[in-house]
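Worksheet for the structure shown next.
Chains as they are written, first to last, in this note's numbering: chain A, 727 to 912; chain B, 141 to 332.
See below:
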């Protein structure tokens, strides 16, 4: 069987124009194709802070453009971009003391702010500790496998699973009648 | 099924969460500016064919950036005419005219000035009329605001860091966000 040539994706064509001649219009096209999804992802991981999320998205594009020539197109561009965004979120949360190593999250107390009688799912996700939140977003919303999450976060697959289960448990309690939970996981 | 797994209802609630969200319009311009400063991308005029969503030519076949400059000049003039503020009018008019004059297209600037004046005069007449239907007035207001938003977007392309333009756009975006949040709130309150 003869190997078939793989047609370059639209993303790849745009990327080649950016790398080759620094084509601004190609960059804008690529930006507009992927930013709404990237922004929503980053906004969730950052716990709903729009200003910080915009800064992270900007840094993500700068880093991605710097490294575009080295991207091998063995994975989807969107996945690569999400990975860069996740790393930048994690760095920023760590610098602000908001990202503890996942195992330390076990003892974190998760509470809905007083006065919030009823919170929606989006708000409940934003209240999770950053480590739990990232795993839940990556697995349940973005559809990553535990092995992929483990690789991206530098933890084992088992840790990813246990964090996901804990995150779901916290989420149920946050959305339940008493709105609070201690984060100790059995 | 264990409590580790999502129930069908929980899965449905998660799947109903939005996967996309538009950031502020300023972000694209900020990012492009930062990339230009790093030398990672060039200016539109140096980079060959445009794939931008905007047309390659503006009004009357003129390059898009001349049209943008003209619109910027027009909006600055009309903002001044509406007495939004002395500072706003003086500073932005001067900046916008400077851009246009540098390109040597005085005629275009004067055309935009006339169009801007006509626009302001029409709005002033509408404001003074008492016999118009509320629906017509509302439509005129919507058209006027849309023009203002479009013009502010073009000014952002000329001066991405201009704080005044940023505030104008943020006002529009906040309003749009409030509308979408209102609609989303009624859909996202789910029992988990």
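In this text, a Cβ means the ideal position worked out from N, Cα and C, and glycines have one as well.
Q) Quick one: what's got a C-beta closer than 8 Å to residue 826 of chain A's C-beta in the same chain, skipping five residues either side? A) Against the first chain, residue 826 of chain A aligns to sequence position 100. Here the set comprises 834, 855, 856 and 857.
(Q) Rounded to the nearest angstrom, what separates residue 182 of chain B and residue 152 of chain B at their Cα positions? (A) As a first step, residue 182 of chain B must be located in the second chain, where it is residue number 42. As a first step, residue 152 of chain B must be located in the second chain, where it is residue number 12. When rounded, the distance between both Cα atoms is 45 Å.
Q) Within 8 Å (strictly less), CB to CB, does residue 855 of chain A reach chain B? A) On the first chain, position 129 is the one that residue 855 of chain A refers to. It does not; no Cβ of chain B falls within 8 Å.
Q: With 8 Å as the threshold, decide whether the Cβ of residue 889 of chain A is near any Cβ in chain B.
A: By 1-based counting over the first chain, the position of residue 889 of chain A is 163. Judged by the 8 Å Cβ criterion, residue 889 of chain A is not in contact with chain B.
Q: Check residue 748 of chain A in the structure and name its three-state DSSP category.
A: Your numbering for residue 748 of chain A matches position 22 in the first chain. Note: residue 748 of chain A maps to coil in three-state DSSP.
Q) By Cβ distance below 6 Å, which residues in the same chain neighbour residue 146 of chain B in space, the five residues on each side in sequence not counted? A) Walking along the second chain from the start, residue 146 of chain B turns up at place 6. Taken in chain order, the list of residues that qualify is empty.
Q: Please report how far the alpha carbon of residue 199 of chain B lies from the alpha carbon of residue 294 of chain B, in whole angstroms.
A: The residue given as residue 199 of chain B occupies position 59 in the second chain. The residue given as residue 294 of chain B occupies position 154 in the second chain. Reliability fails at residue 199 of chain B, whose pLDDT of 38 lies under 50, so the model's placement of it is uncertain and the value that follows must be treated cautiously. Answer to the nearest angstrom: the Cα atoms are 14 Å apart.
Q: For the alpha helix (DSSP H) containing residue 171 of chain B, list its first residue and its last residue.
A: In the second chain, the residue the question calls residue 171 of chain B occupies position 31. Residues 165-177.
Q) At least one CB of chain B closer than 8 Å to the CB of residue 818 of chain A: is that the case? A) Residue mapping note: residue 818 of chain A aligns to position 92 of the first chain, counting from 1. Answer no: the Cβ-Cβ gap between residue 818 of chain A and chain B never drops below 8 Å.
Q) If you measure from the beta carbon of residue 811 of chain A to each beta carbon in chain B, is any gap under 8 Å? A) Within the first chain, numbered from 1, the residue matching residue 811 of chain A stands at position 85. No, because no Cβ of chain B sits closer than 8 Å to the Cβ of residue 811 of chain A.
Q) Hey, would you say residue 901 of chain A sits closer than 8 Å to residue 847 of chain A, going by beta carbons? A) Your numbering for residue 901 of chain A matches position 175 in the first chain. Your numbering for residue 847 of chain A matches position 121 in the first chain. In this structure, residue 847 of chain A lies closer than 8 Å to residue 901 of chain A by Cβ.
Q: Indicate whether the contact test is met: 3 or more Cβ pairs, each with one atom in the segment 767-781 of chain A and one in the segment 737-752 of chain A, closer than 8 Å.
A: Contact between the segment 767-781 of chain A and the segment 737-752 of chain A is absent, because fewer than three Cβ pairs lie under 8 Å.
Q.
Please classify residue 799 of chain A as buried or exposed, where buried requires at least 16 other C-beta atoms within 10 Å of its C-beta.
A. As a first step, residue 799 of chain A is located in the first chain; it is residue number 73 there, counting from the start. Classification of residue 799 of chain A: exposed, given that the 10 Å Cβ count is below 16.
Q. When DSSP labels each residue in this structure, what does residue 311 of chain B get in the three-state scheme?
A. Position 171 of the second chain holds residue 311 of chain B. Of the three classes helix, strand and coil, the one that applies to residue 311 of chain B here is helix, per DSSP.
Q) Taking only beta-carbon atoms, is residue 159 of chain B less than 8 Å away from chain A? A) By 1-based counting over the second chain, the position of residue 159 of chain B is 19. Chain A, which has a Cβ nearer than 8 Å to the Cβ of residue 159 of chain B, makes this yes.
Q. Quick one: does residue 875 of chain A have its CB under 8 Å from some CB of chain B?
A. Position 149 of the first chain, counting from 1, holds the residue named residue 875 of chain A. Judged by the 8 Å Cβ criterion, residue 875 of chain A is not in contact with chain B.
Q: Have a look at A/883, A/868 and A/893 and flag the residue whose alpha-carbon is nearest the alpha-carbon of residue 155 of chain B.
A: What you label residue 155 of chain B is simply residue 15 of the second chain in a count that begins at 1. Minimum Cα distance to residue 155 of chain B is reached at A/868.
Q: Let me know if residue 777 of chain A comes out buried or exposed under the rule of 16 or more other beta-carbons within 10 Å of its beta-carbon.
A: In the first chain, the residue the question calls residue 777 of chain A occupies position 51. Looking at its Cβ environment, which holds fewer than 16 other Cβ atoms inside 10 Å, residue 777 of chain A is exposed.
Q: Taking a Cβ distance cut-off of 7 Å, strictly less, list which residues of the segment 742-755 of chain A are near chain B, in chain order.
A: 744, 747, 748, 749, 750, 751, 752, 753, 754 and 755
Q) Nearest-angstrom Cα distance between residue 173 of chain B and residue 821 of chain A? A) Counting from one through the second chain, the residue named residue 173 of chain B turns up at place 33. Counting from one through the first chain, the residue named residue 821 of chain A turns up at place 95. One C-alpha to the other measures close to 26 Å.
Q: List the residues of chain A whose Cβ lies closer than 8 Å to the Cβ of residue 182 of chain B, in chain order.
A: Taking the second chain and counting its residues from 1, one reaches residue 182 of chain B at position 42. For a Cβ distance threshold of 8 Å, residue set 747, 748, 749 and 750 of chain A lies close to residue 182 of chain B, ordered along the chain.
Q | residue 826 of chain A (DSSP reduced to helix, strand or coil) | A | In the first chain, the residue the question calls residue 826 of chain A occupies position 100. Note: residue 826 of chain A maps to coil in three-state DSSP.
Q) Name the chain B residues whose beta carbon is nearer than 7 Å to that of residue 761 of chain A? A) Along the first chain, read from residue 1 onward, the residue named residue 761 of chain A stands at position 35. Within chain B, the residues near residue 761 of chain A are 163.
Q: For my contact list, residue 309 of chain B and residue 166 of chain B are in at a C-beta cut-off of 8 Å; report their separation, rounded to the angstrom.
A: The count along the second chain starts at 1 and reaches residue 309 of chain B at position 169. The count along the second chain starts at 1 and reaches residue 166 of chain B at position 26. Going by Cβ atoms, the distance from residue 309 of chain B to residue 166 of chain B rounds to 6 Å, so yes, they are a contact pair.
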